[in-house]
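A.B. asks: Numbering (mature numbering (1 follows the signal peptide of the UniProt record, and there is no 0)), first residue to last: -19 to -1, 1 to 925. Pasting in a structure now, in structure tokens, and then I'll have a few things to ask.
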């Protein structure tokens, strides 16, 4: 009886847990989330009592602290600091806690297991602006040493802080050390219990005992020559090549000093306060990386040369052994190795020393490799630095390809008839095999023609093409975020605008957002032509442009330009043409800073020449406030030239043009008018040539202001403008159809606001069917404006949803500081929301005007997932009119589906197909039975 009761309680407990579980659509059915850290800058291996690694603590260039599992690279916990300079991690150490010091002078102690914050103290230096350099150190009891070097005053200020939860920010010891030998090229670092300062001019090294700083007794530096004895030849080679000095990575508490040159030469010295430095190892091979580690309580030096040769040197005995790191063509796939962190361990079976290396590559990826060549895991950290996004339709299915092949057969009617019959039988055969559960076979295709991905029926699955800051391109499945392909282009760098700021005002935003422009020139729907995408950027370490054409489905580069195409000018404007040439390619026009225009591919120049009168370009000079418009005036059908048509001089007084937002070239507008409450039609002003320009500045009355201009890109006419006093950025703009949405921070009321505009031509329809900037409307354009309070505090990104036909209602997606993506209907932002509800406004179904926008919890499309530091949001249309695909990218990647008007064209998941089928079969059977009895009745009546 007791066993039955125990089993019953267990069953009830299981049912109760299931009752509190998540629904099926909440566990990643239509969305996925990926966390990234950024390029690794600092790393520390945690060591257990037996010498094995438990966790790897890393600090990245994205100002992130994280703990990684050394076995699989999974993030165990992550802490994200401020995204700007104050959040930069300057020091990472491991004692009882994981200790970090950020640029704002805050030292924090983190729990190694959970990442919980144990304590936080202020270790900032007084008059930090006078410091030419700051160095941090940690001793065995986790005391934090801070050294500030002032070259002008020839002094070093040393402070010691106690790292305890109850400790205040006051230093427990402080010394002001006069240093007449201090120079601008002097470099200092903490090595074990010594502060070592390298003076290249005097070829000496100054040492200071850190333990003496803790006492109240005066302390002094001791000086040692670097050119005496065996040190002379090795060190002199390095001292003349901009040397840097540091502790041996992985052996910071050991007395080993590393001197490195700017070309990769190095020398490892064993230092002591009471004796001259000893040379342990040196090398003159460029691009050599060194690190240290401890195994079996012995210090080792690990040397990695550019040819992937690994040398492990015992620092106590001087013995060494070499191995070759064999992990494929690493340099071609990921570039050079930029940093190395090593963990040595003793194998239990043989007792020999083996090593694991965490390598940071040129493409920002982090690799964990076990020598001699076993790849343990890889993290593609370049995905934390996305600078370009595009979604591409997947290739056609095999059935669709077979249908396309039918129309490619050349010959008479008989051969076409045979091909059609063969194709039909192949399709029937394939359907039969699919129903039987047999793998789908190719239909007359070669093995290399079989697509790796196939388009689904409603085009809900796409391929996401991402361009990243280091020049690496990725192809991801939109359904699960899996990486399909990756291509590293070391010469590709993002385009960046020149920094423009107002004199005397340093806190205004300097918009230098880096971008790699991605243009889809040919989709996957033009069989047998392969899809083609082009990336336009800048050549690394050069001012010239750089173009790379590739297949977005496979990632393979164009055969005619396998290494990319260099331009002899810096691209200022790049735009894709909506017309296609004879190869179904959309040409790209690139306007340079020298006024030259280039067409890519060059074979499409003749096609561009045919509609040259309909192509207009514009450039913006941020600092001077000049907007110039250009038109194509080619001298022949083989040479393209531009001519300046207009110039717009915006007020430059204390103003910088920070944001430019044109309309999407592929945007579709379903309805040209808006039905009012009195059944009249208010026609929209839908000008595809409009673009928005935002200017930010500071007036003489010490007040920030923002100006918003709507400019026609063909004529240069300002359609409308708006001025906001005591407002500042960052400003985010979304421009679509006949409306404009932008956000700004209200300085006076200390709140975030969202302003909207909508444009109408009036109640009279145009005589001409197509909208043209050269034929403006007869009446003046009606402009409706309104502003709302945004309660979330700040906005990180903003984007409007898009659909295939433009029928579905538009929603605006906001990224807010809490890490959520909020979906807001356009009706709530409509500037025509009435102040008072009347009968006519009720017919329009507009909500009444309320100053503050509502952000309900159900509007958060990422529910309980927190997204860190979202840079932007990308949206794309699917094959279903109700569904929009979105991708939020930044430090994380998050993709989902958005249905602004609900799924009106899709059956629900709980739709009872069996019940409907039974009803239909029953009705069909009843109709036949009724027909039979009706005919019997008619026959019986006929015999009467």
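Note that CB positions come from ideal geometry on N, CA and C, so glycine has one too.
In or out: residue 98 buried (at least 16 other Cβ within 10 Å) or exposed?
C.D. replies: The residue is exposed, with fewer than 16 neighbouring Cβ atoms inside 10 Å.
A.B. asks: Looking at the structure shown, is residue 337 part of a helix, part of a strand, or coil, going by DSSP?
C.D. replies: Residue 337: strand per DSSP, three-state reduction.
A.B. asks: How about residue 867 and residue 836: are their beta carbons less than 9 Å apart?
C.D. replies: Against a cut-off of 9 Å, the Cβ pair of residue 836 and residue 867 comes out as no contact.
A.B. asks: Short of 6 Å in beta carbon distance, which residues of its chain neighbour residue 727, apart from the five on each side in sequence? Order them along the chain.
C.D. replies: Here the set comprises 708 and 734.
A.B. asks: How long is the line joining the alpha carbons of residue 130 and residue 282, rounded to whole angstroms?
C.D. replies: Whole-angstrom Cα-Cα distance: 30 Å.
A.B. asks: Should residue 63 be labelled buried (16 or more other beta-carbon atoms within 10 Å of its own) or exposed?
C.D. replies: It is exposed - the Cβ of residue 63 has fewer than 16 other Cβ atoms within 10 Å.
A.B. asks: What are the boundary residues of the alpha helix (DSSP H) that includes residue 274?
C.D. replies: Here residue 274 belongs to no alpha helix (DSSP H); instead the beta strand (DSSP E) covers 270 to 276.
A.B. asks: What three-state label does DSSP hand residue 315 in the structure shown?
C.D. replies: Here residue 315 sits in helix by DSSP.
A.B. asks: Just grab the DSSP bridge partners of residue 15 for me.
C.D. replies: Answer by DSSP bridge pairing, in chain order: 874.
A.B. asks: Starting from residue 609, follow its DSSP beta bridges and name the residues at the other end.
C.D. replies: Paired residue(s): 600 and 628.
A.B. asks: What residue range is occupied by the uninterrupted alpha helix (DSSP H) comprising residue 914?
C.D. replies: From DSSP, the alpha helix (DSSP H) with residue 914 extends over 894 to 924.
A.B. asks: Identify the residues that DSSP records as bridge partners of residue 99: which are they?
C.D. replies: In the DSSP output, where bridge partners are listed per residue, residue 99 has none listed.
A.B. asks: Use the C-beta contact count for residue 258: other C-beta atoms within 10 angstroms, 16 or more gives buried, fewer gives exposed.
C.D. replies: Answer is buried; the Cβ neighbour count reaches 16.
A.B. asks: Am I right that residue 164 and residue 132 are in contact with their C-beta atoms under 8 Å? What's the rounded C-beta distance?
C.D. replies: At roughly 7 Å, the Cβ-Cβ gap stays under 8 Å, so residue 164 and residue 132 are in contact.
A.B. asks: Just verifying my parser: in three-state terms, what is the DSSP assignment at residue 122?
C.D. replies: Reduced to three states, the DSSP call for residue 122 is coil.
A.B. asks: Measure the CB-CB distance between residue 123 and residue 152 and report whether it falls below 9 Å.
C.D. replies: Cβ atoms of residue 123 and residue 152: not closer than 9 Å.
A.B. asks: The beta strand (DSSP E) spanning residue 191 covers which residue range?
C.D. replies: Residue 191 -> not in any beta strand (DSSP E); alpha helix (DSSP H) instead, spanning 191 to 194.
A.B. asks: Check each candidate in 71, 208 and 694 and name the one with the smallest Cα separation from residue 183.
C.D. replies: Looking at the Cα atoms, 208 is the closest of the given residues.
A.B. asks: Let me check understanding here. Comparing Cα to Cα, which of 831, 318, 869 and 295 lies closest to residue 333?
C.D. replies: Ranking 831, 318, 869 and 295 by Cα distance to residue 333 puts 295 first.
A.B. asks: With DSSP as the reference, label residue 809 as helix, strand or coil.
C.D. replies: Three-state result, residue 809: helix.
A.B. asks: In this structure, does DSSP put residue 567 in helix, strand or coil?
C.D. replies: Coil at residue 567, not helix or strand.
A.B. asks: Do you know how far the Cα of residue 67 is from the Cα of residue 35?
C.D. replies: Rounded to whole angstroms, residue 35 to residue 67 spans 30 Å at the Cα level.
A.B. asks: Below 8 Å on the Cβ atoms is my guess for residue 237 versus residue 219; work out the distance and round it to an integer in Å.
C.D. replies: Not really, about 16 Å apart at Cβ, beyond 8 Å.
A.B. asks: Can you give me the C-alpha to C-alpha distance between residue 481 and residue 434, rounded to a whole angstrom?
C.D. replies: Note that residue 481 has pLDDT 45, beneath the 50 cutoff, so the model's placement of it is unreliable and the number below is only indicative. Cα to Cα, residue 481 sits roughly 45 Å from residue 434.
A.B. asks: Reducing DSSP to helix, strand and coil, say where residue 775 ends up.
C.D. replies: It is coil, neither helix nor strand.
A.B. asks: Give the straight-line distance between the Cα atoms of residue 194 and residue 221, rounded to the nearest whole angstrom.
C.D. replies: Straight-line Cα distance between these residues: approximately 32 Å.
A.B. asks: Name the residue from 451, 718 and 25 whose alpha carbon lies nearest to the alpha carbon of residue 519.
C.D. replies: Answer by Cα proximity: 451.
A.B. asks: Please list the segments of the beta strand (DSSP E) lying wholly inside the region 789 to 853, counting only runs of 3 or more residues, in order along the chain.
C.D. replies: Segments of the beta strand (DSSP E) lying fully in the region 789 to 853: 792 to 796 and 802 to 806.
A.B. asks: Residue range of the beta strand (DSSP E) that residue 458 falls in?
C.D. replies: Counting along the chain, the beta strand (DSSP E) containing residue 458 begins and ends at 453 to 458.
A.B. asks: Measuring CA to CA, which of 662, 717 and 809 is closest to residue 670?
C.D. replies: Taking only the C-alpha atoms, the option nearest residue 670 is 717.
A.B. asks: Which of helix, strand or coil does DSSP assign to residue 697?
C.D. replies: Looking at residue 697 - three-state DSSP - the assignment turns out to be coil, as it is neither helix nor strand.
A.B. asks: From what residue to what residue does the alpha helix (DSSP H) around residue 588 run?
C.D. replies: Element bounds for residue 588: 586 to 591.
A.B. asks: Under a three-way DSSP split, which group does residue 356 fall into?
C.D. replies: Three-state result, residue 356: strand.
A.B. asks: What does DSSP give as the partner residue(s) for residue 679 in the beta ladder?
C.D. replies: Beta-bridge pairing links residue 679 to 685.
A.B. asks: Please report how far the alpha carbon of residue 710 lies from the alpha carbon of residue 788, in whole angstroms.
C.D. replies: Each residue's alpha carbon lies about 33 Å from the other.
A.B. asks: Relative to the alpha-carbon of residue 10, which residue among 915, 900 and 890 has its alpha-carbon at the smallest distance?
C.D. replies: Here the closest residue by C-alpha is 890.
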